[in-house]
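Asks: Pasting in a structure now, in structure tokens, and then I'll have a few things to ask.
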Amino acid sequence: MSKVSILGLKLPTDPRWVNLAAISLQDILTDHAYCEQKAASSAISLIQRNPERTRLVEELAPIVTEEWGHFRQVLAELKKRGLSLGKQRKDDYVNALMDNRVKGGHADDSFLDALLIFALIEARSCERFRLLSEGLEDEYLREFYRKFMVSEAGHYRLFIDLANEYFPEEKVRNRWQEWLKIEAEILQNIDVRGDRMH
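Residue numbers (our numbering): 144 to 341.
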């Protein structure tokens, strides 16, 4: 079984992506930094919108700290290499996912979609970090991204677990399968770019 299928993803990343990322190191590190910053900010927003969900608040509070720590780690890596943090770029992948959320329905449906979108982003990030950990020539960066891969896999599982805590497992499973198909279609329609983490 492939690592992609273990994560639940339907479509593997185009193999050209790793080589493109390797020659766009400042760009990929910059995009990675902003991905970590946005992950921390999004987790805070999810807590703010759902303060009554005690387990979610307790589980996401340390995730906020961890993601912000990751942001600082990537900043330190840029500095160590004499590179600077570039400007934040539009994230076509995440924006496309957000465009497919339930709109105008019950608040619970929107909450479920939010959890599953988080899980998808973490799963795809985990897959990309695995590719970097295996495909980069720089041995330090390979280990750097291996550690991120392990972390993202844990976050992916957490968001799936939270979905199963607040919703019937069958409902989660069915909507997750829908999201996997949506995500694969999105990935097929996005250009392969080495300056983007997604």
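Cβ atoms here follow ideal geometry from the backbone N, Cα and C, with glycine treated the same way.
Is Gly337 closer than 7 Å to Ala164 when the C-beta atoms are compared?
Replies: Yes, these two residues count as a Cβ contact at 7 Å.
Asks: Going straight from the alpha carbon of Trp160 to that of Ser276, what length do you get?
Replies: So the two alpha carbons sit approximately 13 Å from each other.
Asks: Are any of the Cβ atoms in chain B nearer than 7 Å to that of Tyr309?
Replies: The displayed structure is made up of one protein chain only, and chain B is not part of it.
Asks: Is Ser227 buried or exposed, if buried means 16 or more other CB atoms sit within 10 Å of its CB?
Replies: Exposed: under 16 other Cβ atoms inside 10 Å.
Asks: Pull up the distance between the alpha-carbon of Arg339 and that of Tyr288, whole angstroms please.
Replies: Rounded to the nearest angstrom, the two C-alpha atoms are 15 Å apart.
Asks: Once the 5 residues before and after Ser145 are set aside, which same chain residues still bring their CB inside 8 Å of it?
Replies: The pLDDT assigned to Ser145 is 45, lower than 50, so where the model puts this residue is not dependable; a value taken from the coordinates is nonetheless given after this. Excluding positions up to five away in sequence, the list reads Pro155.
Asks: Taking 7 Å as the cut-off, decide whether the C-beta atoms of Tyr236 and His341 are in contact.
Replies: Contact: yes.
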